[in-house]
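Asker: Quick one: the structure is below, and I'll ask about it shortly.
Protein chains: 2
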Amino acid sequence: MLRLSKKSDYALMAMTHLAMRPDDGASSSAREIAESYDIPLELLAKVLQRLVRVRLLVSVQGTRGGYRLGRSATAITVADVIQAVDGPVTMTACSEDDHTCDQFSKCSIRDPLWKIKARILDALTTVTVAEMAADNDTPVPVAAPTVSRMVFVAPMGE
Amino acid sequence: MLRLSKKSDYALMAMTHLAMRPDDGASSSAREIAESYDIPLELLAKVLQRLVRVRLLVSVQGTRGGYRLGRSATAITVADVIQAVDGPVTMTACSEDDHTCDQFSKCSIRDPLWKIKARILDALTTVTVAEMAADNDTPVPVAAPTVSRMVFVAPMGE
DNA sequence: CCGATCTCCGACTTGCATTGTCCGATATCT
DNA sequence: AGATATCGGACAATGCAAGTCGGAGATCGG
Numbered sequence: 461m462l463r464l465s466k467k468s469d470y471a472l473m474a475m476t477h478l479a480m481r482p483d484d485g486a487s488s489s490a491r492e493i494a495e496s497y498d499i500p501l502e503l504l505a506k507v508l509q510r511l512v513r514v515r516l517l518v519s520v521q522g523t524r525g526g527y528r529l530g531r532s533a534t535a536i537t538v539a540d541v542i543q544a545v546d547g548p549v550t551m552t553a554c555s556e557d558d559h560t561c562d563q564f565s566k567c568s569i570r571d572p573l574w575k576i577k578a579r580i581l582d583a584l585t586t587v588t589v590a591e592m593a594a595d596n597d598t599p600v601p602v603a604a605p606t607v608s609r610m611v612f613v614a615p616m617g618e
Numbered sequence: 461m462l463r464l465s466k467k468s469d470y471a472l473m474a475m476t477h478l479a480m481r482p483d484d485g486a487s488s489s490a491r492e493i494a495e496s497y498d499i500p501l502e503l504l505a506k507v508l509q510r511l512v513r514v515r516l517l518v519s520v521q522g523t524r525g526g527y528r529l530g531r532s533a534t535a536i537t538v539a540d541v542i543q544a545v546d547g548p549v550t551m552t553a554c555s556e557d558d559h560t561c562d563q564f565s566k567c568s569i570r571d572p573l574w575k576i577k578a579r580i581l582d583a584l585t586t587v588t589v590a591e592m593a594a595d596n597d598t599p600v601p602v603a604a605p606t607v608s609r610m611v612f613v614a615p616m617g618e
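Quick look at the structure:
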């Protein structure tokens, strides 16, 4: 399928969200982002932590804290985000250094696949977070205040 | 990770194997291919069946049966093989027609990711099985001296 | 015509990775 | 001090890939 994980999805959403913020000085909390896109808060927080660890994000603790981009959105590629969250991009089970693959010696498709991987990686590195934010039509997904969100929902749970 | 499944791995190995065969008229059995690369026979057979269903392979039943390429190796792309085995290539949970995704309405990264997917798909479609066979250095992975199988080729070709 | 070999096909079990949740610790602002 | 943030590890559950099993049908050799 070649599908990327939900963590990468969330990471890209969050990064794009931050890139779309008008003022770069302010910070968005994990809760704000999570509620904007209906993402489980704790899971998003975990993802954001990994982005902080590789300096793609900067965190501000305490009340009114949150996250800011670690550097300009034009200098952050999609590959950066994916690799920070999901590890290195590898198509095959055997990477260059790690040969934990039963068919390593007999594998006939390793070299050709690496060339394809290089092209995919190129596709991911040429697209920046800034471009993703620009390509997005939906203006700014603002999270509804938690209280007023419940107003229109039926008064009985289920 | 973006890793492709083992089924796709096996499918590409088998297709490349068949493309490397000197004589195109003969056919290789699933067992021969499985033993050459230490692939579980039953699993490989399943993969090959799917390739037959989409006409990428032609099966010959019976005692000296096996598989042949459905068309010229130069006309079979890597994307053909992967899609036949693993289904359509989709990066996101929500494809064009199927919106089974909780965040569909609020998703901000859908359109940008589709462009990337197009580039990846392009990388997969421009590489043919014939090219993979050519890029391969290991001459012909013959393997597994399993006793009775050693009856070299028998003097009767067909 | 019979047995052997091989493809074919569906259903089943297992194993593992992703996903999601919970809890406690720390830091900062009001 | 209390509320609200981030941080970090440990834990459960769901889902899907990976591999297994058994049987039916077709073809060839003798």
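The listed protein sequences derive, respectively, from chains A and B.
Under the numbering used here, the residues of the first sequence are numbered 461 to 618, in order.
Under the numbering used here, the residues of the second sequence are numbered 461 to 618, in order.
Even glycine gets a Cβ: it sits at the ideal position worked out from N, Cα and C.
Fair warning: this is a prediction, and the values are worked out from it, not measured in the lab.
1. Exposed or buried, which one is B/SER565 when buried takes at least 16 other CB atoms within 10 Å?
2. Taking a Cβ distance cut-off of 8 angstroms, strictly less, list which residues of the segment 500 to 524 of chain B are near chain A, in chain order.
3. Along chain A, which residues have their Cβ under 9 angstroms away from the Cβ of B/ARG528?
4. What does A/THR552 touch in chain B if you count any residue whose Cβ is under 9 angstroms from its own?
5. List, in order along the chain, the chain B residues whose C-beta lies closer than 7 angstroms to that of A/GLU492?
6. Using DSSP's beta-bridge definition, name the partner residues of A/GLY526.
7. Spell out whether any CB of chain A is found under 7 angstroms from the CB atom of B/ARG579.
8. Taking its Cβ as the centre, do 16 or more other Cβ atoms sit within 10 Å of B/ALA479, making it buried, or is it exposed?
9. For A/THR588, which residues in chain B fall below 7 angstroms Cβ to Cβ?
10. Using a Cβ distance threshold of 8 angstroms, determine whether the segment 574 to 590 of chain A contacts the segment 497 to 504 of chain B, with at least three qualifying pairs required.
11. Short check: CB of A/VAL514 to CB of A/LYS467, under 7 angstroms?
12. Under a CB-based cut-off of 7 angstroms, is B/VAL545 close to chain A?
13. Under the assumption that B/VAL545 contacts B/ARG579 (Cβ atoms under 8 angstroms), give the Cβ distance between them as a whole number of angstroms.
14. Between B/GLY530 and B/LEU517, is the Cβ-Cβ spacing less than 7 angstroms?
15. If we cut at 7 angstroms on Cβ distances, does B/ALA539 have a partner in chain A?
16. On the three-state DSSP scale, how would you describe A/SER489?
17. Interface residues of chain B around A/SER496 at Cβ under 8 angstroms?
18. Considering only the alpha carbon of each residue, which of A/LEU573, A/LYS575, A/LEU462 and A/SER487 lies closest to A/THR523?
19. For A/ILE542, which residues of its own chain have a beta-carbon under 7 angstroms away from its beta-carbon, when the five flanking residues on both sides are left out?
20. Does any C-beta atom of chain A lie closer than 7 angstroms to the C-beta of B/ILE576?
21. Is there a C-beta anywhere in chain A that falls below 7 angstroms from the one on B/THR534?
22. Since B/TYR497 and A/GLN521 are thought to touch, with beta carbons under 8 angstroms apart, how far apart are those beta carbons, to the nearest angstrom?
23. Would you decide whether B/ASP540 is buried or exposed? Buried here means 16 or more other CB atoms lie within 10 Å of its CB.
24. Could you work out which residues of chain A lie near B/THR476, taking near to mean beta carbons separated by less than 7 angstroms?
25. For A/SER532, does the count of other Cβ atoms within 10 angstroms reach 16, so buried, or fall short, so exposed?
Answerer: So, to answer that:
1. Indexing the second sequence from 1 puts residue 565 of chain B at position 105. Counting other Cβ atoms within 10 Å of its Cβ, B/SER565 stays below 16 and is therefore classed as exposed.
2. Residues passing the 8 angstroms Cβ filter: none.
3. Against the second sequence, residue 528 of chain B aligns to sequence position 68. Per Cβ cutoff of 9 angstroms: no residues; B/ARG528 is ~18 angstroms from chain A at best.
4. Taking the first sequence and counting its residues from 1, the one referred to as residue 552 of chain A is at position 92. Chain B residues near A/THR552: ARG463, LEU464 and ASP469.
5. Counting from one through the first sequence, the residue named residue 492 of chain A turns up at place 32. Within chain B, no residue comes near A/GLU492; the closest Cβ sits about 13 angstroms away, beyond 7 angstroms.
6. Translated into the one-based positions of the first sequence, residue 526 of chain A becomes position 66. In the DSSP output, where bridge partners are listed per residue, A/GLY526 has A/VAL520.
7. By one-based count along the second sequence, residue 579 of chain B stands at place 119. With 7 angstroms as the cut-off, B/ARG579 counts as an interface residue toward chain A.
8. For this step, residue 479 of chain B is matched to residue 19 along the second sequence. B/ALA479 should be labelled buried.
9. Start at 1 with the first residue of the first sequence, and residue 588 of chain A comes out as number 128. Within chain B, no residue comes near A/THR588; the closest Cβ sits about 10 angstroms away, beyond 7 angstroms.
10. no
11. By 1-based counting over the first sequence, the position of residue 514 of chain A is 54. By 1-based counting over the first sequence, the position of residue 467 of chain A is 7. The answer is no: Cβ separation not under 7 angstroms.
12. Numbered from its first residue, the second sequence carries residue 545 of chain B at position 85. Not closer than 7 angstroms to any Cβ of chain A, the Cβ of B/VAL545 fails to qualify, so no.
13. What you label residue 545 of chain B is simply residue 85 of the second sequence in a count that begins at 1. What you label residue 579 of chain B is simply residue 119 of the second sequence in a count that begins at 1. With a Cβ gap of about 21 angstroms, B/VAL545 and B/ARG579 do not count as contacting.
14. Position 70 of the second sequence, counting from 1, holds the residue named residue 530 of chain B. Position 57 of the second sequence, counting from 1, holds the residue named residue 517 of chain B. Contact: yes.
15. Looking up residue 539 of chain B in the second sequence gives position 79. Chain A contact via Cβ: absent.
16. Here residue 489 of chain A refers to the residue found at position 29 when the first sequence is read from its first residue. If DSSP states are grouped into helix, strand and coil, A/SER489 belongs with coil.
17. On the first sequence, position 36 is the one that residue 496 of chain A refers to. Chain B residues near A/SER496: LYS566.
18. Position 63 of the first sequence, counted from the start, is the residue given in the question as residue 523 of chain A. The candidate whose alpha carbon is nearest that of A/THR523 is A/SER487.
19. Counting from one through the first sequence, the residue named residue 542 of chain A turns up at place 82. LEU464, SER468, VAL549 and LEU584.
20. Here residue 576 of chain B corresponds to residue number 116 of the second sequence, with the count starting at 1. Yes, B/ILE576 counts as interfacial toward chain A.
21. Reading the second sequence from its first residue, position 74 is the one you call residue 534 of chain B. Output row for B/THR534: interface = no.
22. Numbered from 1 along the second sequence, position 37 holds the residue referred to as residue 497 of chain B. Numbered from 1 along the first sequence, position 61 holds the residue referred to as residue 521 of chain A. Not really, about 52 angstroms apart at Cβ, beyond 8 angstroms.
23. Reading the second sequence from its first residue, position 80 is the one you call residue 540 of chain B. By the 10 Å Cβ count, B/ASP540 comes out buried.
24. Numbered from 1 along the second sequence, position 16 holds the residue referred to as residue 476 of chain B. By Cβ distance, chain A contributes SER568 and ILE569.
25. As a working note, residue 532 of chain A is residue 72 in the first sequence. A/SER532 is exposed by the Cβ-count criterion.
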